[in-house]
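S.K.: Residue numbers (numbering that gives the first Met the number 0): 0 to 389. Heads up, the beta-carbon is just placed ideally off N, CA and C, and yes, glycines get one too.
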Amino acid sequence: MHISQRAQAITPFLAMEFGKRAALLEATGREVIRLNIGEPDFGAPPAVIAAMRAQMDGRAQAYTDALGLPALRAAIAGFYATVHGVTIDPAQVVVTAGASAALLLVAAALVDPGDRVLVADPSYPCNRHFLAGFGADVALVPTTAASRFQLDLPAVQQHWNGETRGVLIATPSNPTGTTVPPAELAALCDWVALQGAWRVVDEIYLNLADPLADGRPMPTILAHDAGAVVINSFSKTFGMTGWRLGWCVAPPALVPALERLAQNYYICPSAPAQQAALACFTPETLALCAERQQELRARRTIVLEGLAAIGLPVPVVPDGAFYVYFDIRGTGSNAVQFCERALQEAGVALTPGADFGVCSADHHVRLSYASSRDNLREGLHRLEQLLQSG
Ligand SMILES: Cc1ncc(COP(=O)(O)O)c(C=O)c1O
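Structure follows, in structure tokens:
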């Protein structure tokens with residue numbers, strides 16, 4: 000059978016591949032500590048689960064508007080007002096099947112074949128695959144610990160040329176958990192806007208970022224740049240990965256294109272999941288999410304202290320999400336070998352840097368601390384034993 004060049008070119012998502020291999024090991028009776036995948040172990044908030052149960056009373060679950068339930072779009076706009084003090088017209092909110100579908104629609108709406116797009120190396124792999132899938136020439140811009148493994152304005156200016164049409168930035172980042180400081184992001188977006196180019200900011204971990212020094216939440220780029228396209232999701236903040244629900248906030252001129260694409264690509268996001276997600280934006284659920292965020296910070300401390308104690312340095316301390324990106328140069332292995340050994344010999348699933356780019360990929364490994372404290376302690380203990388065994 001003929002398989003398209005596009006499908007042949009796409010590389011596997013290693014975080015999921017290591018997950019598949021962990022499942023195979025588990026099937027043989029081994030107990031694996033899974034620190035490979037970015038999936039909070041909390042699950043959906045109880046009010047959301049109760050709302051979903053109420054939906055399952057036999058009523059027909061019809062298609063919704065392609066852009067999502069009007070009530071949910073309004074609730075999401077209200078979330079920006081309450082949490083970030085930013086006024087968004089609900090008509091700018093597009094509810095999607097996860098941030099993934101938001102990225103799919105946005106890439107389809109913004110990219111023409113040959114357009115050059117700047118993306119940080121390292122960064123979340125699927126984002127650049129969405130862009131490349133629509134013919135973008137994705138320029139992976141090397142970053143270092145000095146720029147917190149994020150794009151900054153000098154790097155963007157250095158890599159800009161006449162074909163560059165946009166930038167895609169995830170802050171906080173996957174795999175490093177580091178943010179772009181808000182003033183730097185604002186300056187970068189201003190400069191890119193001056194070039195007449197688009198800014199897509201993936202804020203899927205924004206509501207899991209540490210607050211600013213004055214206690215205010217990490218701001219959305221929309222507080223500064225109303226022309227940016229912002230991506231977000233119910234997956235991480237609300238622990239709803241498998242529910243497949245996300246959103247984007249787009250400038251009004253882009254929304255009709257996103258609507259036509261959504262109508263054609265998947266008609267609408269899941270109707271019952273949308274109904275249940277209305278329960279995300281109550282004060283009770285938001286308070287629960289804040290508690291969960293505190294718990295994630297405690298887990299981060301366990302992991303940072305544990306990795307330091309066993310000689311695996313973390314070049315930049317994360318200030319959001321639930322990832323650490325640690326340096327394995329001292330082990331004598333490259334990142335893929337290290338992850339293979341960690342899985343096979345120690346029963347710990349991790350993700351090698353190769354998932355996220357090329358420049359620091361060989362000697363970095365991502366650990367997701369969205370797992371219980373006990374699992375994290377056990378995983379660190381097993382890694383220590385692995386390193387001691389040579
Ligand atoms: C930076 C980033 N963007 C988007 C996604 C996709 O999330 P979802 O489709 O579950 O909302 C992920 C998932 O890990 C991510 O890390």
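Reducing DSSP to helix, strand and coil, say where Gly77 ends up.
M.R.: Looking at Gly77 - three-state DSSP - the assignment turns out to be helix.
S.K.: Go through the segment 206-239 residue by residue and report every complete run of the beta strand (DSSP E) that reaches 3 residues or more, in order.
M.R.: The segment 206-239 contains these whole beta strand (DSSP E) runs: 228-232.
S.K.: Between the C-alpha atoms of Leu24 and Gln343, what's the straight-line distance to the nearest angstrom?
M.R.: Going by the C-alpha atoms only, they are around 8 Å apart.
S.K.: Under the criterion of a Cβ to heavy atom distance below 8 Å, does Ser99 qualify as lining ligand 1?
M.R.: Yes; taking the cut-off as 8 Å, the Cβ of Ser99 has a heavy atom of ligand 1 nearer than that.
S.K.: So, helix, strand or coil for Phe129, using DSSP?
M.R.: Note: Phe129 maps to helix in three-state DSSP.
S.K.: Is the Cβ-Cβ distance between Gln274 and Ala8 less than 9 Å?
M.R.: Contact: no.
S.K.: Let me check you understand the geometry: is the CB of Thr10 closer than 8 Å to at least one non-hydrogen atom of ligand 1?
M.R.: The answer is no for Thr10.
S.K.: Check Phe355 in the structure and name its three-state DSSP category.
M.R.: If DSSP states are grouped into helix, strand and coil, Phe355 belongs with coil.
S.K.: State yes or no: is the C-beta of Leu130 within less than 9 Å of the C-beta of Val94?
M.R.: No.
S.K.: Closer than 6 Å by C-beta to Phe280: which residues in its own chain qualify, once you throw out the five before and the five after it? Chain order, please.
M.R.: If we look at Phe280 and ignore the five residues flanking it on each side, its Cβ neighbours are Ala74 and Phe78.
S.K.: Rounded to a whole number of angstroms, what is the C-alpha to C-alpha distance between Arg340 and Thr350?
M.R.: For Arg340 and Thr350, the distance between alpha carbons rounds to 12 Å.
S.K.: On the DSSP bridge assignment, give the partners of Tyr324 in chain order.
M.R.: Partner(s): Arg365.
S.K.: Can you find at least 3 beta carbon pairs, one from the segment 161-172 and one from the segment 306-313, that sit closer than 8 Å?
M.R.: Not touching, per the Cβ criterion.
S.K.: Compute the Euclidean distance between the alpha carbons of Asn35 and Val140, then round it to the nearest angstrom.
M.R.: In a straight line, the C-alpha of Asn35 is about 24 Å away from that of Val140.
S.K.: For Phe325, verify whether its CB is less than 8 Å away from any heavy atom of ligand 1.
M.R.: No; taking the cut-off as 8 Å, the Cβ of Phe325 has no heavy atom of ligand 1 nearer than that.
S.K.: Using DSSP with H/G/I as helix, E/B as strand and the rest coil, what is Val140?
M.R.: Residue state, collapsed to three classes: strand.
S.K.: Terminal residues of the continuous alpha helix (DSSP H) containing Leu375?
M.R.: Where Leu375 is concerned, the enclosing alpha helix (DSSP H) stretches over Arg372 to Gln387.
S.K.: Confirm the yes/no value for this check: CB of Asp354, any heavy atom of ligand 1, distance under 8 Å.
M.R.: No.
S.K.: For a quick check, are the C-beta atoms of Pro216 and Ala208 less than 9 Å apart?
M.R.: Cβ distance < 9 Å, so Pro216 and Ala208 count as in contact.
S.K.: What does DSSP give as the partner residue(s) for Thr350 in the beta ladder?
M.R.: Bridge partners of Thr350: Arg365.
S.K.: Per the contact definition of three or more C-beta pairs closer than 8 Å, is the segment 39-57 in contact with the segment 238-245?
M.R.: Enough Cβ pairs lie closer than 8 Å, so yes.
S.K.: Below 8 Å on the Cβ atoms is my guess for Val347 versus Gly378; work out the distance and round it to an integer in Å.
M.R.: That belief holds up - the Cβ atoms of Val347 and Gly378 are roughly 5 Å apart, short of 8 Å.
S.K.: Helix, strand or coil for Thr178, going by three-state DSSP, please let me know.
M.R.: Correct three-state label for Thr178: coil.
S.K.: Taking the alpha carbon of His362 as the reference point, which residue from Ala276, Thr330 and Ser3 has its own alpha carbon closest?
M.R.: The candidate whose alpha carbon is nearest that of His362 is Thr330.
S.K.: Counting only the same chain and skipping the five closest in sequence on each side, list residues whose C-beta sits under 7 Å from that of Arg5.
M.R.: Result list for Arg5: Gly132, in chain order.
S.K.: Under the three-state reduction of DSSP, which class applies to Ala119: helix, strand or coil?
M.R.: In the structure shown, Ala119 sits in a strand (DSSP, three-state: E or B).
S.K.: Of all the options Val137, Asn263 and Leu285, which has the alpha carbon lying nearest to the alpha carbon of Thr236?
M.R.: If we check each option's Cα against that of Thr236, Leu285 comes out closest.
S.K.: How many whole angstroms separate the CB atoms of Val228 and Val105, which I take to be in contact at a CB cut-off of 8 Å?
M.R.: The Cβ separation is near 6 Å, so the contact holds.
S.K.: Consider the C-beta atom of Cys288 and the heavy atoms of ligand 1; say whether any pair is separated by less than 8 Å.
M.R.: Cys288 Cβ: outside cutoff for every heavy atom of ligand 1.
S.K.: Give a yes or no on contact between the segment 175-190 and the segment 147-162, applying the rule of three or more CB pairs nearer than 8 Å.
M.R.: Counting Cβ pairs under 8 Å, three or more are found: they touch.
S.K.: In three-state terms, what does DSSP make of Thr163?
M.R.: It is a strand residue.
S.K.: Does ligand 1 have even one heavy atom less than 8 Å from the beta-carbon of Leu102?
M.R.: Correct: Leu102 has its Cβ closer than 8 Å to ligand 1.
S.K.: Which residue marks the beginning of the beta strand (DSSP E) containing Cys288, and which one marks its end?
M.R.: Careful: Cys288 lies outside any beta strand (DSSP E), inside the alpha helix (DSSP H) at Pro282 to Ala308.
S.K.: Quick one: using the 10 Å Cβ neighbour count with 16 as the cut-off for buried, is Glu304 buried or exposed?
M.R.: Classification for Glu304: exposed.
S.K.: Under a three-way DSSP split, which group does Gly170 fall into?
M.R.: Checking the sequence, you will find Thr at residue 170 rather than Gly. Three-state DSSP puts Thr170 in coil, outside helix and strand.
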